[in-house]
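Comments concern the structure below.
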Ligand code: MLT
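Residue numbers (our numbering): 1 to 407.
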């Protein structure tokens, strides 16, 4: 008899963003005349930067000739891209990361979801609440949690991010082994200072723990005092893996390209306590399960590091950040307490009501889609998240409609 992985039965009904998409589709079917503005899932709307398009075209043309054609590439990514990443994203900020420590992939969602495969089944995981659901769900699937009751999985240490701690969780009061952190944060848009991040690195070093640091939104940081990579913190290379993405800063949500940094000095332990480098383990997993990102896509990603590409990508970021500012000021003017939107494309809004109720209200009365905070965890109840990824015109219209709906 074929049996299933019953840990899947512990999961909540469906993936948050699929659930929202279904509700919106149903609403649209019932209200065919209404135009809906989507500020829910963080999906970009502007086209790829011209530098990427040129590189993409050129790479496709190369594939059309006998001399230029390429079959399987290196699973870890082409050296031209890995080196551009190492120079611009790390060494330029004083972080000694080499191209050999970078693994190019098709998304930070897959990488943050897959990385837990390297660890034992009995480790204690610390997960922020609210949280990007992928970190938690993949650990549930792997059997690292107990059942779900009262909004929480048993056995997980939740790192509560609330108004009281400015949406930056405190260090856990009990020892944990694997820590997920995301800054600028999804969903709250909060940021972490260097001092606070240093305390997490010190905690991990002291407790032989590991930090999985999701920095997918670092391009949106405007405040120069904030860390853009965890490797700006001394000693982090021994206790932290970092995830990055071209999705939002380069407009690659549909094109798919991201990368993970696994420093060679980063270690975990065998059950007997022997240190083992994670680099080799991740390389083994990556080569076994992944065949690399396509050559044209990697050339397009490389183009983001050219002078023109950097300028165009900054232009995209600035465009969405103007939307973020408009959302934040409009919602604040309506009397809501907001975080995020200043160094992040997400605005976390205290809704003064149940978050699904607020979701329904905005959809019904304003035709605006948000993400209900409760979908990100128990601490998200009472909040909604608005995303800055849409056109400025649509965001302006959404704000006008919300104002009218709530008047
Ligand atoms: C989000 O809206 O949280 C993100 O777009 C989801 C993702 O990047 O997978």
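For every residue, glycine included, the Cβ atom is placed at its ideal position computed from N, Cα and C.
Confirm, please, whether the CB-CB distance from residue 146 to residue 104 is below 8 Å.
Taking 8 Å as the Cβ cut-off, residue 104 and residue 146 do not qualify as a contacting pair.
Indicate the three-state DSSP secondary structure (helix, strand or coil) for residue 362 in the structure shown.
Looking at residue 362 - three-state DSSP - the assignment turns out to be helix.
Per DSSP, what are the beta-bridge partners of residue 159 in this structure?
Residue 159 pairs with 128.
So who's on the other strand from residue 474, going by DSSP bridges?
Past the boundaries of the shown model lies residue 474; the chain is included only from 1 to 407, so the question cannot be answered.
Kindly confirm or deny that the region 174-191 and the region 123-131 touch, where touching means at least three C-beta pairs closer than 8 Å.
Judged by Cβ distances under 8 Å, the region 174-191 makes contact with the region 123-131, as three or more pairs qualify.
For residue 23 and residue 356, what's the separation of their Cα atoms in angstroms?
Here the alpha carbons of residue 356 and residue 23 stand approximately 11 Å from one another.
Can you list, in chain order, the residues of its chain with a C-beta nearer than 7 Å to that of residue 172? Leave out the 5 residues immediately preceding and following it.
These residues qualify, in order along the chain: 126, 157 and 159.
Mind the definition here: the region 243-252 touches the region 313-329 only if three or more C-beta pairs lie below 8 Å; say whether that holds.
Taking a cut-off of 8 Å on C-beta distances, the region 243-252 touches the region 313-329, as three or more cross pairs fall below it.
Boundaries of the alpha helix (DSSP H) in which residue 44 is found, first to last residue:
Going by DSSP, residue 44 is part of no alpha helix (DSSP H) at all; its letter is neither H nor E.
Which of the three DSSP states is assigned to residue 231 in this structure?
Note: residue 231 maps to helix in three-state DSSP.
Boundaries of the beta strand (DSSP E) in which residue 242 is found, first to last residue:
Boundaries of the beta strand (DSSP E) harbouring residue 242: 240-245, taken from the DSSP string.
For residue 178, the three-state DSSP class (helix, strand or coil):
The DSSP-derived three-state label of residue 178 is strand.
Between residue 265 and the rest of its own chain, which residues show a CB-CB distance below 6 Å, the 5 nearest in sequence each way excluded?
For residue 265, the CB contacts under 6 Å within the same chain, skipping 5 residues up- and downstream, are 237 and 238 in chain order.
Using C-beta distances below 8 Å, list every residue in its chain close to residue 15, excluding the 5 sequence neighbours before and after it, in chain order.
Same-chain partners within the cutoff: 133 and 137.
With C-beta atoms as the reference, is residue 37 less than 8 Å away from residue 368?
Taking 8 Å as the Cβ cut-off, residue 37 and residue 368 qualify as a contacting pair.
Residue(s) in a DSSP beta bridge with residue 210:
According to DSSP, residue 210 bridges with 178.
With a CB to CB cut of under 7 Å and the five nearest residues on each side skipped, what residues in its chain are close to residue 359?
The residues are 370, 372 and 384.
Given residue 58 as reference, the closest of 298, 354 and 319 once Cα atoms are compared
When 298, 354 and 319 are compared, the shortest CA-CA separation from residue 58 is found for 298.
Could you spell out where the beta strand (DSSP E) holding residue 424 opens and where it closes?
Residue numbering for the chain in the displayed model covers 1 to 407; residue 424 lies beyond these limits and cannot be assessed.
In whole angstroms, give me the CA-to-CA distance for residue 93 and residue 405.
Their Cα atoms are separated by approximately 46 Å.
Which first and last residues belong to the beta strand (DSSP E) in which residue 383 is found?
Segment 383-387, the beta strand (DSSP E) holding residue 383.
Residue 74 beta carbon less than 8 Å from that of residue 309:
Contact flag unset, no.
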